[in-house]
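The structure under discussion appears below in the form of structure tokens.
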Amino acid sequence: MDTPLALAALSALSHESRLAAFRRLVEAGPAGMTVGDLRQTLGLPAATLTAHLNVLRQAQLVRDQREGRVIRVRANFDQMNALVAYLTANCCAGQIDCGVVPQCVPDPTGSDPAGHCSAC
């Protein structure tokens, strides 16, 4: 990840509602959520959530997919991991055992019904 993209991601996450939306999508795992369900969970007006999702989308932190009449939005775990890697690249002077949390990778086996990542 380059610095401009890291700045865009950090800027996108610096708003309380966008951070809440992103955290909820991370919690939802690879299945993501419909925009309507996310709106209801966060209690935001539709237009407000759309604006926030557009900022997260521009920062490449979320992806969406149309499913008939609904749009499903998912956290972009690759981008999230890239941001964490960017922030921790020089952590502890390169010592690998300094306690940095491992990357979050959605459970590909589907063994966790909630879709949590293997590091969670």
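Residue numbers for the sequence shown, in UniProt numbering: 1 to 120. For each residue, glycine too, the CB sits at the ideal point set by N, CA and C.
Contact set for residue i: own chain, Cβ-Cβ below 7 Å, skip 5 residues either direction
i     : result
LEU13 : LEU19, PHE22
ASN76 : GLN60, LEU61, VAL62, ARG63
Cβ-based burial, residue i [other Cβ within 10 Å; buried from 16]
i     : result
ALA31 : exposed
ASN54 : exposed
LEU10 : exposed
Cβ-based neighbour list, residue i, same chain, cut-off 6 Å, excluding 5 preceding and 5 following
i     : result
ALA8  : ALA59
VAL26 : ALA75
Assumed close pair residue i, residue j - CB separation to whole angstroms, cut-off 8 Å
i     : j     : result
GLN65 : ARG72 : 5 Å
ARG69 : THR41 : The Cβ separation is near 19 Å, so there is no contact.
LEU44 : SER17 : 6 Å
Beta-carbon proximity list for residue i, same chain, < 8 Å, skipping 5 on both sides
i     : result
LEU87 : ALA6
HIS52 : HIS15, SER17, ARG18, ALA21, LEU44
Checklist entry - Hey, is the region 42–54 in contact with the region 82–91, meaning 3+ C-beta pairs nearer than 8 Å? => result Short answer: they don't touch.
Next on the checklist: Could you tell me which whole beta strand (DSSP E) segments of length 3 or greater appear in the region 60–95?
Outcome noted: Listed in chain order, they are 62–67, 70–75.
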